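**Student:** Have a look at this one before I ask anything.
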Amino acid sequence: MKHTLSVLLQNKPGALSRVTGLFSGRGFNIESLCVAETLDPKVSCMTLVTRGDNSIVEQITKQLHKLIDVIKVTDITEGEFVEREMVLIRVKAEANTRAEVLRIIDIFRGKVVDVSPTTYTVEITGPESKVKAVIDILRPIGIKEIIRTGTIAMARAPKK
Amino acid sequence: MSKITGSQAIVKCLHEEGIDTIFGFPGGAVIDLYDELLDSDIKHVLVRHEQGAVHAADGYARATGKVGVALLTSGPGATNGVTAIATAYMDSIPIVVFTGQVPRVLIGNDAFQEVDIVGITRPCTKHNYLVSDPKELVSTIREAFYLAASGRPGPVLIDLPKDVVASMMSFPEKKPIKMQTYQPTMEPHPGQIAKACKSCLKAKRPVLYIGGGVILSNANKELTELAEKLNTPVTMTLMGLGGFPGTNPLSLGMLGMHGSYASNMAVAKSDLLIAVGARFDDRVTGRLDAFAPHAEIIHVDIDPTSISKNVDVDIPIVADCKHALRAMNSWFDDSKQFDAETTRDKHQPWVNQVQEWNEKHPLTYREEGDIIKPQYVIEVLNRLTKGDAIITTEVGQNQMWAAQFYKFNKPRRLLTSGGLGTMGYGLPAAIGAKLAFPEATVIDVAGDGSIQMNIQELATARQYGAKVKVAILNNNYLGMVRQWQELFYNKRYSATIMEVTPDFVELARAYGAVGLRAKTKDEVEPVIKEALATDNLVIMDFAISREEGVFPMVPAGKATTEMLLV
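Note that the protein sequences, when read in sequence, are chains A and B. Position 90 (the first sequence) corresponds to 90 in this note's numbering; numbering is contiguous. In this note's numbering, each residue carries its 1-based index in the second sequence increased by 1000.
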């Protein structure tokens, strides 16, 4: 099963490599990883998507927590959460497909961020499922290049 | 505040931590620090290879319970220490390793004797640091010592750029260390303790399975109290030997691949397994689904990652072993449900059963006339040292025979590389232990293969008067691998025959030590007696029966009840 972990860690040289080294050293897999500074510049937040049964994810969580630079580990898949990923897609846009590409982008509420005589570069944001859907639809038209950010996620605020 | 150099600050930090002996090897990157050491009262032990320095610091730490310290230069000095750092990491041994590093401006330039030792040792240290700002040097060292010794102990490495050590800095006053990201759980959860204790009362066939955690947390007294209170047999991992007296009638000795028949049977038939400071290593469990199949499992460990890593645990207790055992003992003392006599009687049939197994298949070996059996050598060592020597071992058959036939009654008497299985550990570790306890008898039980991995440390031992005794069980083989080849590879002895070994008696002489040799069984006792009576470094060379095996043996991947017996 897919798990999205939110990891707060000290913003120090080598801290990221401790996390990735842990995954490679213990044979855990990383599907995506996103990391940047938080409001406190001394602390980074990492969103890490991994796959495994409950005992593997429990072990991953514990091992992460054991790293001295790690402050907090939350498996946000355990509760309600919002997730977003951004993707930049350079898609073929020649005379016969330009209009169709624009229509598709519009349906997915994407934006064209760069134009050339034969391509559009579009930006789409959404949960992983939406990103996948857009890629599936554009693929037959001809995707020349694609860059994904990986997922970031946040637990939903309590409703009460 | 007046300023001091980095070197002076490091020496002051060592004093602060109560360090009187360090092990190391100099080089360009640490020459400033070595210059400072000349004026300090800290004893520096010059080893002959950096691996020896870190193993010696490790042996010092295991024998004393204090943090061991090693000092290595940059580049090859640091990389030579890596095996020994990994050894300490696998066995959770508190050491601090200082390595020199090229000046900050050269880092990343492929400078002379530059290596990214922080990157290299990241997966085999508890934590490590590159000190990139002189202002952080003192706080880093203090934090390193705290990390090494607290929680689940382990090695911590501090990489010191040459210009940082040479710069001037203030020396702030020491304050209690508080780390936001590191707070080991010492005290057990009372609810879990009550649950565990109630399970102990229900159980008919309980077994205590204890590991190195009991020794690291100095919990042997509490453990013995619990075992006797509950009349429960105790089996130990290699790292746990000495955590419970080996001559106590409740002791089953070691379990696992080369464990006693009674240990492995007891675990297999138990209805409650109380694991304390042990980590369900594959050499202990054998085939996982056949390990303690009928037992409810209680697991006490300070490291949450050890719990339910290999085996699902029913009652996890995250705590320091000493605290947890103390809490269990008090729970029984205060509980109306517990009656010592009732419990003793209830468990007695089980204890009888276990002892029956032990009588049926004790640890034993076949005599063969005049030929020296390695097990006999260990038995004589045990008898003549009254089971009270500090024994270090190399790795392989020598290690297993020492673990099986020496009866460790006290903790910190067996120093051995359990997790990593590092050949070459025993001699430098023995030197570390001997320098910590000059009055103690320290014996390195070695094989003719592994002793050669760090034999250069004989010179270190001589230079510092570390009069250790090395007992080489010499079979001209890499015996453990040969044993596997005999049993599972159709006796195809690929690369396990030591066609050339030095004459160890002559070699001892070359180092200014005493060399003794025994070729027949009759000569064993006189040789050991002479070695123990000799006020010098001694090598004993025992020509043992060449193809002797270590038994019982559970073939890798089999259930622990499928033992090959003598």
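Ideal placement from N, C-alpha and C gives every residue a C-beta, glycine not left out. Small disclaimer: the values here were computed from a predicted structure and weren't measured.
Could you tell me how far apart the beta carbons of K1346/B and K1204/B are, in whole angstroms, since I believe they sit closer than 8 Å?
**Tutor:** Mapped onto the second sequence, residue 1346/B falls at position 346. Mapped onto the second sequence, residue 1204/B falls at position 204. K1346/B to K1204/B, Cβ: 7 Å. Contact.
**Student:** Should the segment 1480-1489 of chain B be regarded as contacting the segment 1501-1521 of chain B, the criterion being three or more beta carbon pairs within less than 8 Å?
**Tutor:** As far as the Cβ criterion goes, the segment 1480-1489 of chain B does not touch the segment 1501-1521 of chain B, which means the pair count is below three.
**Student:** Throw me the rounded Cβ distance for the N1358/B and G1246/B pair, which I believe falls under 8 Å.
**Tutor:** As a position in the second sequence, residue 1358/B is number 358, starting the count at 1. As a position in the second sequence, residue 1246/B is number 246, starting the count at 1. The pair is not a contact, with the Cβ atoms about 13 Å apart (cut-off 8 Å).
**Student:** Determine which residues of the segment 1108-1125 of chain B have a Cβ less than 8 Å from any Cβ of chain A, and write them out in chain order.
**Tutor:** Those would be V1118, G1119, R1122, P1123, in chain order.
**Student:** How about L1137/B and A1009/B: do their beta carbons lie closer than 8 Å?
**Tutor:** Locating residue 1137/B in the second sequence gives position 137, counting from the first residue. Locating residue 1009/B in the second sequence gives position 9, counting from the first residue. Going by C-beta atoms, L1137/B is nearer than 8 Å to A1009/B.
**Student:** Can you tell me whether N1352/B is buried or exposed, with buried defined as 16 or more other CB within 10 angstroms of its CB?
**Tutor:** Residue 1352/B sits at position 352 when you count from the first residue of the second sequence. With fewer than 16 Cβ atoms within 10 Å of its Cβ, N1352/B is classed as exposed.
**Student:** DSSP puts E37/A in a beta bridge; with which residues?
**Tutor:** Reading the first sequence from its first residue, position 37 is the one you call residue 37/A. Answer by DSSP bridge pairing, in chain order: S44/A.
**Student:** One question on the structure: do V1276/B and L1223/B come within less than 8 Å of each other, judged by their Cβ atoms?
**Tutor:** Position 276 of the second sequence, counting from 1, holds the residue named residue 1276/B. Position 223 of the second sequence, counting from 1, holds the residue named residue 1223/B. Taking 8 Å as the Cβ cut-off, V1276/B and L1223/B qualify as a contacting pair.
**Student:** Could you compute how far the alpha carbon of E1356/B sits from the alpha carbon of S1450/B?
**Tutor:** In the second sequence, residue 1356/B corresponds to position 356, counting from 1. In the second sequence, residue 1450/B corresponds to position 450, counting from 1. Cα-Cα distance, rounded: 37 Å.
**Student:** Going by C-alpha distance, which of Q1051/B, D1032/B, R1122/B is nearest I68/A?
**Tutor:** As a first step, residue 68/A must be located in the first sequence, where it is residue number 68. Comparing Cα-Cα distances from I68/A to each of Q1051/B, D1032/B, R1122/B, the minimum goes to R1122/B.
**Student:** DSSP three-state call for D1370/B: helix, strand or coil?
**Tutor:** Walking along the second sequence from the start, residue 1370/B turns up at place 370. Coil.
**Student:** Name the chain B residues whose beta carbon is nearer than 9 Å to that of S44/A?
**Tutor:** As a working mapping, residue 44/A is identified with position 44 in the first sequence. In chain order: nothing, as chain B lies at least about 12 Å away.
**Student:** What is the residue span of the alpha helix (DSSP H) that K1198/B lies within?
**Tutor:** Taking the first residue of the second sequence as position 1, residue 1198/B is located at position 198. Per DSSP, K1198/B belongs to the alpha helix (DSSP H) from 1190-1202.
**Student:** Quick one: which chain A residues come within Cβ less than 9 Å of Q1180/B?
**Tutor:** Indexing the second sequence from 1 puts residue 1180/B at position 180. Q10, I71, listed in chain order.
**Student:** At the level of alpha carbons, what is the spacing between R156/A and T47/A?
**Tutor:** Taking the first residue of the first sequence as position 1, residue 156/A is located at position 156. Taking the first residue of the first sequence as position 1, residue 47/A is located at position 47. About 15 Å.
**Student:** Is there a C-beta anywhere in chain B that falls below 8 Å from the one on S55/A?
**Tutor:** Reading the first sequence from its first residue, position 55 is the one you call residue 55/A. Answer yes: the Cβ-Cβ gap between S55/A and chain B drops below 8 Å somewhere.
**Student:** Run through DSSP, which three-state label would V1395/B get?
**Tutor:** As a position in the second sequence, residue 1395/B is number 395, starting the count at 1. Residue state, collapsed to three classes: coil.
**Student:** Taking N1474/B as part of the alpha helix (DSSP H), name the residues at either end of that continuous run.
**Tutor:** Position 474 of the second sequence, counting from 1, holds the residue named residue 1474/B. Run containing N1474/B: none in the alpha helix (DSSP H); it sits in the beta strand (DSSP E), 1469-1474.
**Student:** With DSSP as the reference, identify every bridge partner of A1543/B, one or two as the case may be.
**Tutor:** Your numbering for residue 1543/B matches position 543 in the second sequence. In DSSP, A1543/B forms a bridge with N1474/B.
**Student:** List, in order along the chain, the chain B residues whose C-beta lies closer than 8 Å to that of I68/A?
**Tutor:** The residue given as residue 68/A occupies position 68 in the first sequence. Chain B residues near I68/A: K1126, H1127, L1147, M1179, T1181, Y1182.
**Student:** Under 8 Å between C-beta atoms, does G25/A make it to chain B?
**Tutor:** As a first step, residue 25/A must be located in the first sequence, where it is residue number 25. By this cut-off, G25/A is an interface position.
**Student:** How big is the Cα-Cα spacing for D1522/B and A1219/B?
**Tutor:** Residue mapping note: residue 1522/B aligns to position 522 of the second sequence, counting from 1. Residue mapping note: residue 1219/B aligns to position 219 of the second sequence, counting from 1. Straight-line Cα distance between these residues: approximately 40 Å.
**Student:** Mark F1023/B as exposed unless 16 or more other C-beta atoms lie within 10 angstroms of its C-beta, in which case mark it buried.
**Tutor:** For the purposes of this step, residue 1023/B is identified with residue 23 of the second sequence, where counting begins at 1. The residue in question, F1023/B, is buried, as its Cβ has 16 or more Cβ neighbours within 10 Å.
**Student:** From the DSSP output, which residues share a beta bridge with Q1101/B?
**Tutor:** Taking the first residue of the second sequence as 1, we reach residue 1101/B at position 101. Looking at the DSSP assignment, Q1101/B forms a beta bridge with P1161/B.
**Student:** Report the option in I60/A, L64/A, I124/A whose CA atom is closest to the CA atom of V87/A.
**Tutor:** Translated into the one-based positions of the first sequence, residue 87/A becomes position 87. Here the closest residue by C-alpha is I124/A.
**Student:** Taking the alpha carbon of F979/B as the reference point, which residue from I1528/B, T1534/B, L1532/B, F1551/B has its own alpha carbon closest?
**Tutor:** Here chain B covers residues 1001 to 1566 and nothing more, so residue 979/B does not appear.
**Student:** According to DSSP, simplified to helix, strand and coil, what is M1498/B?
**Tutor:** What you label residue 1498/B is simply residue 498 of the second sequence in a count that begins at 1. Residue state, collapsed to three classes: coil.
**Student:** In this structure, how does DSSP classify N1128/B when only helix, strand and coil are distinguished?
**Tutor:** Numbered from 1 along the second sequence, position 128 holds the residue referred to as residue 1128/B. N1128/B: strand per DSSP, three-state reduction.
**Student:** Could you tell me which chain B residues have their CB closer than 7 Å to the CB of K62/A, listed as they occur along the chain?
**Tutor:** Here residue 62/A is taken as the residue at index 62 of the first sequence, counted from 1. Result: P1304, T1305.
**Student:** Can you list the residues of chain B that S17/A reaches, using a CB-CB cut of under 9 Å?
**Tutor:** Within the first sequence, numbered from 1, the residue matching residue 17/A stands at position 17. By Cβ distance, chain B contributes G1119, R1122.
**Student:** Would you mind telling me which residues of chain A sit closer than 7 Å to K1309/B, beta carbon to beta carbon, in chain order?
**Tutor:** Looking up residue 1309/B in the second sequence gives position 309. The answer, in chain order, is Q59.
**Student:** So which residues of chain B does G21/A contact, with C-beta pairs closer than 8 Å?
**Tutor:** Against the first sequence, residue 21/A aligns to sequence position 21. Ordered by position in chain B, the residues that pass the 8 Å Cβ test against G21/A are R1122, P1123.
**Student:** Cutting at 7 Å between CB atoms, please list the residues of its own chain near A1461/B, excluding the five before and the five after it.
**Tutor:** Position 461 of the second sequence, counted from the first residue, corresponds to residue 1461/B. Counting only Cβ-Cβ distances below 7 Å, and skipping sequence neighbours, we find I1431, V1468, L1537.
**Student:** With contact counted as at least three CB pairs below 8 Å, one residue from each stretch, are the segment 17-24 of chain A and the segment 81-96 of chain A in contact?
**Tutor:** Flag = no, the segment 17-24 of chain A and the segment 81-96 of chain A do not touch.
**Student:** Are the CB atoms of T1305/B and Q59/A within a distance shorter than 8 Å?
**Tutor:** Residue mapping note: residue 59/A aligns to position 59 of the first sequence, counting from 1. Residue mapping note: residue 1305/B aligns to position 305 of the second sequence, counting from 1. Cβ distance < 8 Å, so Q59/A and T1305/B count as in contact.
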